[in-house]
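Here's the structure, in structure tokens; my notes come after.
Residue numbers (the working numbering): 94 to 288.
If you want it as structure tokens, here you go:
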């Protein structure tokens, strides 16, 4: 997993609450066997509306999604995280996330941070009035900032450590590669081996 310390990017204001994983990536897109290529399915039902925020040219290339509360509810779906990443999002800010979505995001390398509702409102208003404005999300200092706005972000300590260290589950396991090798070498030959 790529390390994450500070990210600066433009914002997409998604003024919707209770966004479930089926709205993020509909089930019909889950048949792919690859982990990549899901950007075309991201919010696919809503993208049929030409006025939907992701269809507006002023938000093309933005990397921070600022959503309403209860983002990522519904069924556990890693594909929702992959679709957001494939589209180019590095960070999702909301006043509240579904636990499973937040867990999947932390394991998949998409930073989801909780921010106070009034800060979400200000960030969305700034992005709507000045779409070219860059916002900085600083995981080291645990804050989001733009202009004179500096506000706290909430990220689980363990997830924060993983992002700052650049370690996913495989990377954490590989930190113990020597111990695993010693264990496998000492096992009886008739037992199955890893690798």
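Ideal Cβ placement from N, Cα and C applies to all residues, glycine included.
Roughly how many whole angstroms lie between the Cα atoms of residue 170 and residue 161?
Residue numbering aside, residue 170 sits at position 77 when the chain shown is read from its first letter. Residue numbering aside, residue 161 sits at position 68 when the chain shown is read from its first letter. For residue 170 and residue 161, the distance between alpha carbons rounds to 19 Å.
For residue 206, list the residues DSSP reports as bridge partners.
On the chain shown, position 113 is the one that residue 206 refers to. Looking at the DSSP assignment, residue 206 forms a beta bridge with 186.
Alpha carbons only, please: which of 98, 157, 144 and 173 is nearest the one belonging to residue 128?
Here residue 128 corresponds to residue number 35 of the chain shown, with the count starting at 1. The shortest Cα separation from residue 128 among 98, 157, 144 and 173 belongs to 173.
Just grab the DSSP bridge partners of residue 227 for me.
For the purposes of this step, residue 227 is taken as residue 134 along the chain shown, with counting starting at 1. 103.
Contact set for residue 113: own chain, Cβ-Cβ below 7 Å, skip 5 residues either direction:
Counting from one through the chain shown, the residue named residue 113 turns up at place 20. Within the same chain, residue 113 has close Cβ partners 166 and 167.
The alpha helix (DSSP H) enclosing residue 236, as first and last residue numbers
Indexing the chain shown from 1 puts residue 236 at position 143. Note, residue 236: premise wrong, no alpha helix (DSSP H); beta strand (DSSP E) at 236-239.
Quick one: complete alpha helix (DSSP H) runs, 4+ long, within the segment 246-272?
250-258 and 262-267
Residue 136 and residue 122: beta carbons closer than 8 Å?
Your numbering for residue 136 matches position 43 in the chain shown. Your numbering for residue 122 matches position 29 in the chain shown. For residue 136 and residue 122, no; Cβs fall outside 8 Å.
Is residue 255 buried or exposed, if buried means 16 or more other CB atoms sit within 10 Å of its CB?
Working through the chain shown from its first residue, we reach residue 255 at position 162. The residue in question, residue 255, is buried, as its Cβ has 16 or more Cβ neighbours within 10 Å.
Quick one, are the C-beta atoms of residue 200 and residue 156 less than 8 Å apart?
Counting from one through the chain shown, the residue named residue 200 turns up at place 107. Counting from one through the chain shown, the residue named residue 156 turns up at place 63. No, the Cβ-Cβ distance between residue 200 and residue 156 is not below 8 Å.
Output the residue ranges of the alpha helix (DSSP H) runs that lie fully inside the segment 104-141 and measure 4 residues or longer, sorted by chain position.
114-117
Quick check: what's the CA-CA separation for residue 257 versus residue 237?
Here residue 257 refers to the residue found at position 164 when the chain shown is read from its first residue. Here residue 237 refers to the residue found at position 144 when the chain shown is read from its first residue. Distance between the alpha carbons of residue 257 and residue 237 is about 16 Å.
According to the Cβ coordinates, are residue 207 and residue 189 closer than 8 Å?
Along the chain shown, read from residue 1 onward, the residue named residue 207 stands at position 114. Along the chain shown, read from residue 1 onward, the residue named residue 189 stands at position 96. Contact flag set, yes.
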